[in-house]
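K.L.:
In this text, residue positions in the sequence shown follow full-length UniProt numbering: the first is 1, and each later residue adds one.
For every residue, glycine included, the Cβ atom is placed at its ideal position computed from N, Cα and C.
Below is a structure I'd like to ask you about.
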Amino acid sequence: FKYPVLRRCRFEPETINWRAMVGYGSEGCVFRVRFGSEGPFAVKIFWHSVPHPTPGGKGPSWPLRDECKTAAVLEKMRWAVADEPITIRRDPSTPAEALRNVWAFSAEGRAHQKNKEERKKREGGEREASEGEMSMSSFPDIPKCHGWMKFKLGEIPLPYRTYQRCTDPVDLALQDRYAIVYDYVPSGKMDVEIAQAQLDFFYRTGFAQMPYRESNWRRGRLVDFGDLL
């Protein structure tokens, strides 16, 4: 969790079937695709293939790197909950408490929780969540990330090149473009319960969020993970 690394997508770019452009923004362009007979998936292709300077000289910015880290952390949490319930603070009031919740999903955090449960059993009882804690036995309905992949510029449909907002000469000279692959969520009516469950989860695990944009949510599910900080 300290150094999250997103895995490479298991699908091969050669098997992609481009179906439609979903939208574009300041970070990249999103397509609805299939890989062979599997899908549909959402492929977010980033404008910038390398870090680039930010206004005011605050250091390099690279949305691809930042979103890969976010997606990697979320997938690690998804896998952890699939193995066993995770005990976290229900209402963290400080950054340290939110960080402690993230730690609870790690191998060290789960081992610590298991040791406490075994110690309680030896004392003749079952360990229950303390006041202010909750047991998380399922993961919110957050679209699954399937990893990153690389394309050559000429392999990407024309809309990407038409709408490309990249003016950095270094990026324009590069032929490689990077993308992150997610489960595709079709448009539809907002599901408030699903959205609230995601917002609660992001709050409890210390994610800050960009201001709400309706286009970045579908059926109550966040679909643009560049919104998480």
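#1: Helix, strand or coil for residue 200? Go by DSSP, reduced to three states.
#2: According to DSSP, is residue 230 part of a helix, a strand, or is it coil?
#3: What span of residues does the alpha helix (DSSP H) with residue 78 cover, start to end?
#4: Tell me the start and end of each unbroken beta strand (DSSP E) in the segment 79 to 121 that is at least 3 residues and wholly inside, in chain order.
#5: Residues in its own chain within less than 8 Å of residue 208 by CB, not counting five upstream and five downstream?
#6: Once DSSP output is grouped into helix, strand and coil, what is the label at residue 178?
#7: Count the other C-beta atoms from every protein chain shown that fall within 10 angstroms of the C-beta of residue 200, then say buried if there are 16 or more, exposed otherwise.
#8: Look at residue 86 and residue 98 and say whether their C-beta atoms are less than 9 Å apart.
#9: Cα-Cα, which of 35, 64, 54 and 37 is closest to residue 47?
#10: Which residues mark the beginning and the end of the beta strand (DSSP E) in which residue 42 is found?
#11: What whole-angstrom Cβ distance do residue 194 and residue 220 have, given they're in contact under 8 Å?
#12: Closest by CA to residue 2, which one among 72, 28, 211 and 212?
#13: Using the beta-carbon count (16 or more within 10 Å), is residue 160 buried or exposed?
#14: Could you spell out the range, first to last residue, of the beta strand (DSSP E) harbouring residue 152?
#15: Does the beta-carbon of residue 212 have 16 or more other beta-carbons within 10 angstroms, so that it is buried, or is it exposed?
#16: Out of 17, 31, 7 and 10, which has the shortest C-alpha to C-alpha gap to residue 224?
#17: Which residue from 111, 11, 116 and 39 puts its Cα closest to that of residue 185?
#18: At the level of alpha carbons, what is the spacing between residue 216 and residue 114?
#19: Classify residue 33: buried if its beta carbon has 16 or more other beta carbons within 10 angstroms, exposed otherwise.
#20: Specify, as a first and last residue, the run of the beta strand (DSSP E) that residue 34 falls within.
#21: Exposed or buried, what is residue 130 when buried is set at 16 or more other beta-carbons lying within 10 Å of its beta-carbon?
#22: What's the gap between the Cα of residue 141 and the Cα of residue 154?
#23: Are the beta-carbon atoms of residue 175 and residue 152 separated by less than 9 Å?
#24: Please determine, among 44, 16 and 21, the residue with the shortest C-alpha to C-alpha distance to residue 37.
P.N.:
The relevant details are as follows:
#1: In the structure shown, residue 200 sits in a helix (DSSP, three-state: H, G or I).
#2: Since the displayed the chain opens at 1 and closes at 229, residue 230 lies outside it and no answer follows.
#3: First-last of the alpha helix (DSSP H) with residue 78: 63 to 83.
#4: The segment 79 to 121 contains these whole beta strand (DSSP E) runs: 86 to 89.
#5: Answer for residue 208: 228 and 229, listed in chain order.
#6: Looking at residue 178 - three-state DSSP - the assignment turns out to be strand.
#7: By the neighbour-count criterion, in which 16 or more other beta carbons inside 10 Å mark a residue as buried, residue 200 falls on the exposed side.
#8: Using a Cβ distance threshold of 9 Å, residue 86 and residue 98 do not count as a contacting pair.
#9: It is 64.
#10: In the DSSP annotation of this structure, the continuous segment of the beta strand (DSSP E) that includes residue 42 starts and ends at 38 to 46.
#11: So it is a contact: roughly 3 Å between Cβ atoms.
#12: Distances from the alpha-carbon of residue 2 to those of 72, 28, 211 and 212 put 72 closest.
#13: The residue in question, residue 160, is buried, as its Cβ has 16 or more Cβ neighbours within 10 Å.
#14: It spans 145 to 152 - the beta strand (DSSP E) in which residue 152 sits, taken as one unbroken run.
#15: Residue 212 is exposed by the Cβ-count criterion.
#16: Comparing Cα-Cα distances from residue 224 to each of 17, 31, 7 and 10, the minimum goes to 31.
#17: Closest option to residue 185, Cα to Cα, is 39.
#18: The alpha-carbon separation between residue 216 and residue 114 amounts to approximately 38 Å.
#19: A buried status is given to residue 33, since no fewer than 16 other beta-carbon atoms sit within 10 Å of its beta-carbon.
#20: Its beta strand (DSSP E) spans residues 28 to 35.
#21: Exposed.
#22: In this structure, the CA atom of residue 141 is about 35 Å from the CA atom of residue 154.
#23: Yes, the Cβ-Cβ distance between residue 175 and residue 152 is below 9 Å.
#24: It is 16.
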